Every structure is written in C-alpha cells, then in structure tokens.
Amino acid sequence: MQVIRQVHHMARLAQAFKRAGKTLGLVPTMGALHDGHMSLIRAAHRQTQVTVVSLFVNPLQFGPKEDYARYPRDLRRDLNLAKAGGCDLIFAPDASQMYPGGFCTFVEVEGLSDRLEGASRAGHFRGVTTVVMKLLHVVQPSVAYFGQKDYQQALLIRRMVKDLNVPVAIRLMPTVREPDGLAMSSRNAYLTSEERRHATVLYRALCAAKARIRAGERNPRRVVEAMRELLRRARAVRVEYLAVADAATLEPLKTLRREVVVLVAARVGSTRLIDNLLVGVS
Ligand code: PAF
35 MQVIRQVHHM
45 ARLAQAFKRA
55 GKTLGLVPTM
65 GALHDGHMSL
75 IRAAHRQTQV
85 TVVSLFVNPL
95 QFGPKEDYAR
105 YPRDLRRDLN
115 LAKAGGCDLI
125 FAPDASQMYP
135 GGFCTFVEVE
145 GLSDRLEGAS
155 RAGHFRGVTT
165 VVMKLLHVVQ
175 PSVAYFGQKD
185 YQQALLIRRM
195 VKDLNVPVAI
205 RLMPTVREPD
215 GLAMSSRNAY
225 LTSEERRHAT
235 VLYRALCAAK
245 ARIRAGERNP
255 RRVVEAMREL
265 LRRARAVRVE
275 YLAVADAATL
285 EPLKTLRREV
295 VVLVAARVGS
305 TRLIDNLLVG
315 VS
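Numbering-wise, the sequence shown is residues 35 to 316 according to this note's numbering.
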C-alpha cells in the first residue's frame, strides 16, 4: 500500500491507473477510522480494481468553535486498518497541499445545504462539497463511497455530481452500529463512559419513531413529539434537531409518504452526535 502526500503525485498515479483501464474506488475520510469506514473500504475493494482512501481532516468544514484542533488523528493506526481492508493507495495531503495560498474557490449546493445540519453548522457543507469536489478531480474514481450516517452530506454530494456532470457513481453504504445501536463515529471517542451509556438513547428514539410510523402514524409532528419525549428523559442529552423528512429531498412533509428519513442531532455532554433511519411508508 502506497502513501501519497502530494496532490500532483496522486493525480499522476490515478491517471496512470485509468490509462491502464483500471477502475478506481475512492473512500473519502478524515481518518480516525472505525468499522463504518472499514465497510466502505471493503466495498470499494470488492467493487473496484484500485481502492484509494483519503485521510484529510478538512479545516474548511469546521466552524471556529468546533473540534478541528482536537479531532482524533492517528496516521499509523489508520494505515494499518486501511491496508487490512484492502486499500491500495492512501492519499494523505496536508492542508497546504489542498488549500495553497490564494485558494478562493468554493463549491456550494444551494437550498439543501441550509437546513438541518446546515442550519446548525454554518459553512459546514460548503467545506464538505469543496473538498469532495477536489478529491473527485484529483483521484477521478468511478465510484465514491459514503456512509448513511451522514445522510444529508451524501444527498448533497449526489446533487453536486449530478449538477456539475462529474462522472462518478456515489454509493451510500448502511450505517454500522455498535451492538447497543450507537452509530459508529470518530467523535464517539470523546464520550465519557457515562455519556457513552446515555448516547444509545439516540438510536432508541429513532427506532421508536420507526415503530410508530410502521404502526400507521402519518403525522410527522406526532412522530417528532414521541422522540422528543423519550430524549427528554435522558440526562446529559441536549437535542439540537429532530426531523422526519422526505428521504429523497429532505423536504419537510405534512403527511408521511413513500420513503422518509428520521433524523436526530444532539449533544451528549459536549459531544455533538448525529444519526438517522430510513423508513419505508407503505
Ligand atoms: O464524512 C466525512 O468524513 C467528511 O465529511 C468527508 C466526506 C471525508 C469530507 O471531508
């Protein structure tokens, strides 16, 4: 497995693979790899001929009061895990490679970027779409892999590649969970053991919402109220938003129909966690 630090080196290698007729699969990550990332790396390894994993903690997607400086970084561990998952090339640029002096071009998906995560984290999605667009240009993969846990992010990236005619398939892989249901996230490492116990309430609230919808509830307000009630009882959990939205557009709905996504963002102690579940409405 080769580790590449420079943009021009990565681009040259990717072009050589493409000229040789190979398909590339890209797994964009910010490192601190966990089983969720591993499922993406393994899928890329199965489905494409050259698996590229990017490790880059992207400063552009963190707000000034967010955790950029303390985001977990362990390159050696990440390299071992990526290799075990079948990764062929690691792309690990530093910020000056990705954003050299004078950098001033950004990619923004309007509308969809403003609600839910976008409303809570101003500028976050502009940072995500800009870095993902750059990674897609440099690596030129046939397929790029994202996790369902960041559902809004994946919808935005799908919209971006469609609108900008980027020739790549965006594959969304299911959220990987701990045995008690907590969605895998690099930020789970911040939780104290007590907070870690409380954090499972997020998944339980999503499951309660799903059960209500499956039982025939079609009013999104009542579904959200039921989740809020459950979350209210959990000490150390502060809800940022709860929503039931159309799964394709994230538009709010008056009556639930087709496929919906139930979403939650909450602080557990000082750690911000998000999760979601897709629910088919018959
Ligand atoms: O999901 C993430 O880890 C990041 O948002 C991504 C897609 C790697 C862009 O920095």
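A virtual CB, placed ideally from N, CA and C, is assigned to each residue, including glycine.
Note that this is a predicted model, so its numbers are computed, not measured.
- Message: Which residues end up in the neighbourhood of the ligand PAF when you take C-beta atoms closer than 6 angstroms to any of its heavy atoms?
- Response: P62, T63, M64, N92, Q95, V162, V165, V166, D184, Q187
- Task: Pull up the distance between the alpha-carbon of L225 and that of L123, whole angstroms please.
- Result: 31 angstroms
- In angstroms, rounded to a whole number, what distance separates the CA positions of R211 and A116? 19 angstroms
- Relative to the alpha-carbon of D69, which residue among E228, K183, S316 has its alpha-carbon at the smallest distance? K183
- For G314, the three-state DSSP class (helix, strand or coil): strand
- Task: Taking all protein chains shown into account, decide if C121 is buried (16 or more other Cβ within 10 angstroms of its Cβ) or exposed.
- Result: Here C121 is buried. Its C-beta has 16 or more other C-beta atoms within 10 Å.
- Item | Spatially closest choice to L206 from V273, Y185, M35, by CA coordinates | Y185
- Enclosing beta strand (DSSP E) for Y185 [first to last residue]: Segment 185-197 is the alpha helix (DSSP H) holding Y185; no beta strand (DSSP E) there.
- Could you check what DSSP says for M207 in three-state terms: helix, strand or coil? The answer is strand: DSSP assigns M207 an E or B state.
- Query: Between the stretch 152-163 and the stretch 238-253, do three or more beta carbon pairs fall short of 8 angstroms?
  - Reply: no
- Kindly indicate the opening and closing residues of the beta strand (DSSP E) around S88. 84-89
- Spatial distance of A54 from S147 (CA atoms): 38 angstroms
- Message: Can you find the residues in the same chain that come closer than 6 angstroms, C-beta to C-beta, to A66, ignoring five residues on each side of it along the sequence?
- Response: Contacts found: P106, S220.
- Any chain C beta carbon closer than 7 angstroms to S73: In the structure shown, chain C does not exist; there is a single protein chain.
- Given A279 as reference, the closest of V302, R266, R262, N253 once Cα atoms are compared: With distances taken between Cα atoms, A279 lies closest to N253.
- Message: Under DSSP, the alpha helix (DSSP H) around G119 begins and ends at which residues?
- Response: 109-119 is the extent of the alpha helix (DSSP H) around G119.
- Task: Taking all protein chains shown into account, decide if E229 is buried (16 or more other Cβ within 10 angstroms of its Cβ) or exposed.
- Result: buried
- Can you list, in chain order, the stretches of the beta strand (DSSP E) that have 3 or more residues and sit fully within the stretch 127-194? 177-181
- Simplified DSSP state of Y224, which is helix, strand or coil: Y224 falls in the helix class under three-state DSSP.
- In terms of residue numbering, what span does the alpha helix (DSSP H) encompassing V257 cover? 254-266
- Item | In chain order, each alpha helix (DSSP H) run of at least 4 residues that lies wholly inside the stretch 37-78 | 41-53
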